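Report on one structure; see the data block that follows.
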Amino acid sequence: MNPKLTSICDICLTRNLDAEDYENLVIENISQVMLYGFVGKKNTGNANPEALNQYLVGSDHRRQYESFIQDYDGNEVALQQLPRFKFNQAIIKSEDKEIDYIPNSNVDFAVNMKNMGIEVDFSLNEVDFVDRERIRHKYNYRCQYCGRRGTSVDHKDPVSLSHDNSFDNLILSCSECNRIKSNMPYKLFIKLNNQLSVVNKKLVKYEDTLANLKEEFQQAKRDLAGQVHLKGIVNDPELNAMRKQNKKLQDAIDSLQSDYDALRKLRKTYFETGWKLAQEKENSEII
1 MNPKLTSICD ICLTRNLDAE DYENLVIENI SQVMLYGFVG KKNTGNANPE
51 ALNQYLVGSD HRRQYESFIQ DYDGNEVALQ QLPRFKFNQA IIKSEDKEID
101 YIPNSNVDFA VNMKNMGIEV DFSLNEVDFV DRERIRHKYN YRCQYCGRRG
151 TSVDHKDPVS LSHDNSFDNL ILSCSECNRI KSNMPYKLFI KLNNQLSVVN
201 KKLVKYEDTL ANLKEEFQQA KRDLAGQVHL KGIVNDPELN AMRKQNKKLQ
251 DAIDSLQSDY DALRKLRKTY FETGWKLAQE KENSEII
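By UniProt numbering, the letter at position 72 of the sequence shown is numbered 72, and the numbering carries on one by one without gaps.
So this is what it looks like as structure tokens:
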């Protein structure tokens, strides 16, 4: 029996929403191409464009939830202890504001899980403070995968599979590489990463340049505030010239940040595709 794709995600299904009530042209088309079944309201071409953008989660928080869900999907320790249904229930409580917390992309997965009220024993992944500091000093606070600044002590072979917290199995990475690698086999990750040496060098340049520009911008803001205080006025030709210069600097930062984020996203997609292809090679079954 062919698999079926639904017009809504499993979280909405957990809400007891009926997939038959919702159109999803993208999923409907994919199901036809892949020869899958489709469970959903058939597209008539008369959908209201505004209705297509009426989501339960606003665009400002959608990426945070997506990142949190991806972290769960890639964490074998969490998957072994927490059923998908219970994880979805916690997501729903957060979306409905029953929990006063939204997943934060800038903190560890374990912190997000705790703040979401989800109990998972991450003791398999524990590395004591001394070993963490030894690893950070050993690699001079630089990610050993991409070369950017890093503080995340990573396991070469996923601890959920190897149960190996030994010093030889530890390496330093940035949070981004740590998240991308997740439970990917170490040898495969290194193989894919070695093919991105030019891209990784660009990422380092982007990070360093942005850090310098942002520091320059903060100093310029302090200089402007100091001049306003000394002059005792707000509008002044010299002050206005400083503001214009600051605006140009901010525009340059925004443009560079956009290019940097685009390259990071492209790199992440490369790793995800490489892993999926590797898994597909090991899977001899076809539909």
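Quick reminder that beta carbons are idealized off the backbone N, C-alpha and C, glycines included. All values derive from a computational prediction rather than experimental measurement.
What residue range does the beta strand (DSSP E) around valine 199 cover? Position 199 of the sequence shown holds residue 199. No beta strand (DSSP E) holds valine 199; the alpha helix (DSSP H) holding it covers 197 to 231.
Check the DSSP bridge columns for isoleucine 92 and list the partner residues they point to. In the sequence shown, the residue the question calls residue 92 occupies position 92. According to DSSP, which records beta bridges pairwise, isoleucine 92 is partnered with nothing at all.
State buried or exposed for valine 153, treating a residue as buried only when at least 16 other CB atoms are found within 10 Å of its CB. Stepping through the sequence shown from its first residue, residue 153 is reached at position 153. Sixteen is the threshold: when 16 or more other Cβ atoms of the shown chains lie within 10 Å of the Cβ of valine 153, as they do, the residue is buried.
Cβ-Cβ distance between phenylalanine 85 and asparagine 112 below 7 Å: Looking up residue 85 in the sequence shown gives position 85. Looking up residue 112 in the sequence shown gives position 112. In this structure, asparagine 112 does not lie closer than 7 Å to phenylalanine 85 by Cβ.
Reference glutamine 89, options Asp254, Thr14, Gln279 and Lys265, closest by Cα: As a first step, residue 89 is located in the sequence shown; it is residue number 89 there, counting from the start. Shortest Cα-Cα distance from glutamine 89 to any of Asp254, Thr14, Gln279 and Lys265 involves Thr14.
Nearest residue (CA-CA) to arginine 243, options Asp168, Asp223, Asp259 and Asp261: If you number the sequence shown from 1, residue 243 lands on position 243. Taking each of Asp168, Asp223, Asp259 and Asp261 in turn and checking the Cα distance to arginine 243, the smallest one comes out for Asp223.
So, with DSSP's three-state summary, where would you put arginine 148? Here residue 148 corresponds to residue number 148 of the sequence shown, with the count starting at 1. Three-state result, arginine 148: coil.
Nearest-angstrom Cα distance between arginine 134 and glycine 147? Position 134 of the sequence shown holds residue 134. Position 147 of the sequence shown holds residue 147. Straight through space, the alpha carbons of glycine 147 and arginine 134 are spaced by roughly 18 Å.
Under a Cβ-count criterion, where at least 16 other Cβ atoms within 10 Å of its own Cβ denotes burial, should asparagine 29 be classed as buried or exposed? Here residue 29 refers to the residue found at position 29 when the sequence shown is read from its first residue. Here asparagine 29 is exposed, its C-beta having fewer than 16 other C-beta atoms within 10 Å.
What is the DSSP secondary structure of glycine 37, reduced to helix, strand or coil? By one-based count along the sequence shown, residue 37 stands at place 37. Under the three-state reduction of DSSP, glycine 37 is assigned to strand.
For the candidate residues Asp251, Gly274 and Ile253, whose alpha-carbon lies nearest to that of lysine 187? In the sequence shown, the residue the question calls residue 187 occupies position 187. Checking every option, the nearest Cα to that of lysine 187 belongs to Gly274.
Nearest neighbour of asparagine 43, chosen from Asp21, Glu215 and Ala110 [CA to CA]: Here residue 43 is taken as the residue at index 43 of the sequence shown, counted from 1. Looking at the Cα atoms, Asp21 is the closest of the given residues.
Along the chain, where does the alpha helix (DSSP H) containing threonine 44 start, and where does it finish? Along the sequence shown, read from residue 1 onward, the residue named residue 44 stands at position 44. Counted as a single uninterrupted DSSP element, the stretch harbouring threonine 44 is not any alpha helix (DSSP H), since DSSP gives it neither H nor E.
Note the first and the last residue of the continuous alpha helix (DSSP H) segment covering lysine 276. Locating residue 276 in the sequence shown gives position 276, counting from the first residue. If you look at lysine 276, you'll find it in the alpha helix (DSSP H) that goes 237 to 282.
Could you tell me the alpha carbon to alpha carbon distance between tyrosine 145 and lysine 181, rounded to whole angstroms? As a working note, residue 145 is residue 145 in the sequence shown. As a working note, residue 181 is residue 181 in the sequence shown. Tyrosine 145 and lysine 181 have their C-alpha atoms roughly 10 Å apart.
Mapping DSSP to helix, strand and coil, what is isoleucine 69? As a working note, residue 69 is residue 69 in the sequence shown. If DSSP states are grouped into helix, strand and coil, isoleucine 69 belongs with the helices.
With distances taken between CB atoms, is the gap from lysine 41 to glutamate 66 smaller than 7 Å? Counting from 1 along the sequence shown, the entry for residue 41 is found at position 41. Counting from 1 along the sequence shown, the entry for residue 66 is found at position 66. With a cutoff of 7 Å on beta-carbon distance, lysine 41 and glutamate 66 are scored as not near each other.
According to DSSP, simplified to helix, strand and coil, what is valine 153? Within the sequence shown, residue 153 is the residue found at index 153, counting from 1. Three-state result, valine 153: strand.
Residue nearest to glutamate 95 in terms of C-alpha spacing, selected from Asp121, Arg62, Gln80 and Tyr72: Position 95 of the sequence shown, counted from the first residue, corresponds to residue 95. For glutamate 95, the nearest C-alpha among the options comes from Arg62.
Do tyrosine 139 and leucine 172 count as a contact pair if the criterion is CB distance below 7 Å? Your numbering for residue 172 matches position 172 in the sequence shown. Your numbering for residue 139 matches position 139 in the sequence shown. Their beta carbons are under 7 Å apart, which means leucine 172 touches tyrosine 139 by this criterion.
Cβ shell of aspartate 121 (< 7 Å), same chain only, five flanking positions each side left out: Your numbering for residue 121 matches position 121 in the sequence shown. Result list for aspartate 121: Gln81, in chain order.
Go to isoleucine 11, then tell me how far its alpha helix (DSSP H) extends in each direction, as first and last residue. Along the sequence shown, one-based indexing puts residue 11 at 11. That run of the alpha helix (DSSP H) goes 10 to 14.
Using three-state DSSP, classify serine 173 as helix, strand or coil. Here residue 173 is taken as the residue at index 173 of the sequence shown, counted from 1. For serine 173, the secondary structure class from DSSP, reduced to helix, strand or coil, is strand.
Glutamate 23 by DSSP, collapsed to three states: which one? One-based indexing of the sequence shown puts residue 23 at position 23. Here glutamate 23 carries a strand assignment [DSSP, helix/strand/coil].
In terms of residues, what are the limits of the alpha helix (DSSP H) holding leucine 5? Here residue 5 corresponds to residue number 5 of the sequence shown, with the count starting at 1. Run containing leucine 5: none in the alpha helix (DSSP H); it sits in the beta strand (DSSP E), 4 to 6.
Nearest-angstrom Cα separation, counted from aspartate 251 out to glutamate 176: Counting from one through the sequence shown, the residue named residue 176 turns up at place 176. Counting from one through the sequence shown, the residue named residue 251 turns up at place 251. Distance between glutamate 176 and aspartate 251, taken at the CA atoms: about 25 Å.
If you draw a straight line from the alpha carbon of glutamine 219 to that of lysine 247, how long is it in whole angstroms? Against the sequence shown, residue 219 aligns to sequence position 219. Against the sequence shown, residue 247 aligns to sequence position 247. Approximately 13 Å, taken between the alpha carbons.
Start-to-end residues for the alpha helix (DSSP H) that takes in asparagine 140: Here residue 140 is taken as the residue at index 140 of the sequence shown, counted from 1. For asparagine 140, no alpha helix (DSSP H) run applies, since DSSP gives it neither H nor E.
How long is the line joining the alpha carbons of leucine 35 and alanine 211, rounded to whole angstroms? Within the sequence shown, residue 35 is the residue found at index 35, counting from 1. Within the sequence shown, residue 211 is the residue found at index 211, counting from 1. The alpha-carbon of leucine 35 is positioned some 49 Å away from that of alanine 211.
Where the alpha helix (DSSP H) containing isoleucine 190 begins and where it ends: Within the sequence shown, residue 190 is the residue found at index 190, counting from 1. For isoleucine 190, the enclosing alpha helix (DSSP H) starts and ends at 186 to 194.
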